Amino acid sequence: MRPALPDLAAALRSLVAVAAITAIAMQWGPPGSATTAGGAAAIAGACAFQDSPRSRVPLVYLASALAGVAVLLGALTASVPVLFVVVAAAWCAGAAMLWANGPNTGLLGAASGALLVGAQVAPPALTAAPWTAALAVAGALTQAAVIAIWPPQRWRDQRDAVVTAYRSLATDTRRLVEDRDGWRVDTEPLVALREAFTRTTRPTSRRPADYRGWYALPERIAATLTDIASGSRSDALDRALEEAADTMMAVADTSRSGRVRTDVAITRFDSVVDDVEGPESGPVQRLSALLHEVVAMRLGDFVPSTPDAVRLRRSELPSSVRAAIETVRGHLRQRSPVLRHSARLAAAIVAGCAIEHLAHVPYGYWIPLTVLLVLRPETAHTYTRCVGRLAGSLVGIVAASTVLILLDPPTWVSAAFAVVGIASAYLVSGLGFIAMSSAVAAAAVFLLEVSRDGAPPSMTDPVLATLIGGGLAVVSHVVLPDDQLTRLAQRAGELLKTEIDYAATVIKGYVHVIEHPADALSAAWQRAYRARAAFEATSGAMRMEAPELRHWLRSYRTAVNSLTASCATLEANLPQGQPTIEDRQFAVTVDEYVEALCGDPPTAASPWTVDSAELEAAAQRLREAAARYGADDGSSRVLVAEASAIARHLNAIEVIPAPSAAR
């Protein structure tokens, strides 16, 4: 897993949990259980640190179950090589399909495969296999307990900021009912709320829609209340606003009774909102849609972040699981890059395990482990990143093996080194995949050493096994490549993603100070230029026999060129020095537009996706904010005009009829 960089205290608590379960397994567990228990705890800890505003503990529960089943299967079949190969291939193939739901779930699936493979290092007796699996589950659940009892400081800050923002909005709404003269929304809690959720993000960071909703919804409610304040007034409107204030105050109640209060409050609001008629009804209906979405998030309903959100009477976790299963089913098609990755991984695992057992390769378990470490469903960057991860893994293995050879430490010292390796993975989690691969590989060396049979440590054997595994990963891509249309779709998505990053960087410069703006803009432009070159190279290598494909390429290039022209116009009119647009509310609206523009986080199936309706709504809010806050200078007019043009260009790309697998 790739954890968000946690605060020091939270990371230390997680590491203590890893050390504790490893020590317990070493002292009282079956052979090999210390490795799998410590590994499961480390994986669950990384899962717990994912920057998701809700359901963190249930996610760790799922990771615990996955780890327990993987360890149980590995422990039961390790003594029967043929059966182990079949089970490992089937498990890894199924776990690879989790990439359809995003990189975090994909990495969790790969990590569970590593636990299964690691269970063969010191296989327990069949009667002890359930205890080995139970210790792995216990190790993962300790992370759930730690994160539930002592959540990281940033999460507490986010929760407090959400509560403060809704209480402030409720107070502002009641003030609006009592007296409109000089009324304004208190923006300080909203500023603090956005800062709590975005202080560690880059200008082009991509967050899921439900994450953005935690701080964007209060801002939209504030804008809607401002519109209501400028309109007419009636008794029906006052009653609706009073119930809206009660609803927001109930949402701010984090106790168990707050859920019941929230459900009752939104029902009372629904009973009076239809009484508002005339010109007042439009803003009130917008407020109603926003409040329903807020309540849905508060009650844990699984709904998308759209203006048409409705409350679904079902719990979040089962709904999330059902949605994830449906997403995986959608990739059970020939041209799916996720299915191709699953087939490649299964083939490489079969070959790696067969070489390990038939050739009796020392440290042979590093062959399938390396395959799991380096193989990813990355059509656009297959070989460079695969080789980069392999190089990082080799560095980590060499470094850890050197320590073991020089010190020949007892098992408890190796376990301590493993904890240090996990800590280093936390520290380098933001430095790129090569550094992360090195830290993870080093931690794995120490953790596997805990369960080895006492043979002298070696460097050449694990390095050789790692090279074999890396070679199998590369060969699997050569033998089972993605088809041309899939590669073209990936390159097209990469091109759009980099163009959007360029546009987002420029637009941010209108309302925020960019550090080293010339370097930032130049780097964004260079990435877009390289992505365009890669796209043209891929399309040029294809045979354009189908008229549909030629039409799609022509239309796609036209839309992307228009997008590039808008970016160039924005950059040409970018204010020098301090931003000329200083109104806080207008800046927030621009930030919302940029977030909608950047879209959702990339997945193996799509490097860039955007909700066209959300983007168009954000562009409309930007136009309205420009008129409301008097942003009518030259640069502001250019910003609003080109932002609307970019939304139109992207919507045009969205509706271009594309050939199969090119969307």
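Mapped onto mature numbering (1 follows the signal peptide of the UniProt record, and there is no 0), the consecutive letters of the sequence shown carry residue numbers -19 to -1, 1 to 644. Every residue gets a Cβ at the ideal spot worked out from N, C-alpha and C, and that includes glycine. These numbers come from a predicted model, not from an experiment.
- DSSP, reduced to helix, strand and coil, places aspartate 138 within a helical segment of the structure shown.
- In the structure shown, the three-state DSSP call for aspartate 581 is strand.
- Ser252 is the residue among Arg240, Ser238, Ser252 and Leu198 whose C-alpha sits nearest the C-alpha of glutamate 223.
- Around the beta carbon of asparagine 85, 16 or more other beta carbons sit within 10 angstroms, so the residue counts as buried.
- Segment contact: the segment 138 to 155 against the segment 41 to 54, fewer than three CB-CB distances shorter than 8 Å; contact not assigned.
- Counting along the chain, aspartate -13 sits inside no alpha helix (DSSP H), nor does DSSP assign it H or E at all.
- Take cysteine 28, set aside five residues on each side of it, and the residues of its chain with a beta-carbon closer than 7 Å to its own are Met(-19), Leu40, Val41, Ala44 and Leu89, in chain order.
- Alanine -3 sits away from alanine 21, with the two beta carbons spaced by 8 Å or more.
- Excluding the 5 residues flanking it on each side, leucine 54 has same chain C-beta neighbours closer than 7 Å at Val68, Trp72 and Leu97, in chain order.
- Excluding residues up to 5 positions away in sequence, Val38 lie with their Cβ nearer than 6 Å to the Cβ of alanine 129 in the same chain.
- For leucine 64 and arginine 472, the gap between their C-alpha atoms comes out near 39 Å.
- Distance from the CA of glycine 83 to the CA of alanine 48, rounded to the nearest whole angstrom, comes to 19 Å.
- Approximately 6 Å separates the beta-carbon atoms of leucine 453 and valine 352; this is inside 8 Å, confirming the contact.
- With 16 or more neighbouring CB atoms inside 10 Å of its own CB, serine 317 falls in the buried class.
- In this structure, Gln266 is the residue among Arg161, Gln266 and Pro349 with its C-alpha nearest to the C-alpha of threonine 205.
- An exposed status is given to isoleucine 386, since fewer than 16 other beta-carbon atoms sit within 10 Å of its beta-carbon.
- Taking every protein chain shown into account, the CB of proline 528 has fewer than 16 other CB atoms within 10 angstroms, so this residue is exposed.
- Scanning Leu79, Thr486, Glu337 and Asp500 for the CA closest to the CA of glycine 311 turns up Leu79.
- Of the candidates Phe427, Asp208, Val158 and Ser149, the residue whose Cα lies closest to the Cα of glutamate 261 is Asp208.
- Nearest in C-alpha terms to alanine 504, of all of Phe516, Gly521 and Ala485, is Ala485.
- Nearest Cα to alanine 210 within the set Glu576, Val444 and Arg165: Arg165.
- If you draw a straight line from the Cα of glutamate 605 to the Cα of alanine 203, it comes to about 14 Å.
- Only exposed fits glutamate 176, as fewer than 16 other CB atoms lie within 10 angstroms of its CB.
- Assigned with DSSP and collapsed to three states, tryptophan 506 falls in helix.
- Residue environment for threonine 235: exposed (fewer than 16 other C-beta atoms within 10 angstroms of its C-beta).
- If the five residues before and after arginine 161 are omitted, its C-beta is found closer than 8 Å to the C-beta atoms of Ala210 and Arg214, all from its own chain and listed in chain order.
- Sequence-distant Cβ neighbours of glutamate 576 in its own chain, meaning closer than 6 Å and more than five residues away, are Arg193.
- Apart from the 5 residues on each side of it in sequence, serine 93 sits with its Cβ closer than 7 Å to the Cβ of Leu47, Ala48, Ala51 and Ala76 in its chain, given in chain order.
- Counting every other CB atom within 10 Å of its CB across the protein chains shown gives tyrosine 510 a total below 16, marking it as exposed.
- The C-beta of valine 276 has 16 or more other C-beta atoms within 10 Å across all chains shown, which makes the residue buried.
- Aspartate 216: member of the alpha helix (DSSP H) spanning 216 to 232, first to last residue.
- Secondary structure at tryptophan 131: coil, using DSSP grouped into helix, strand and coil.
- In the displayed model, tryptophan 164 falls within coil according to three-state DSSP, outside both helix and strand.
- In the structure shown, leucine 356 falls within a coil segment according to DSSP collapsed to helix, strand and coil.
- The closest CA to that of methionine 440, considering only Tyr344, Leu350, Ala221 and Ala81, is found on Tyr344.
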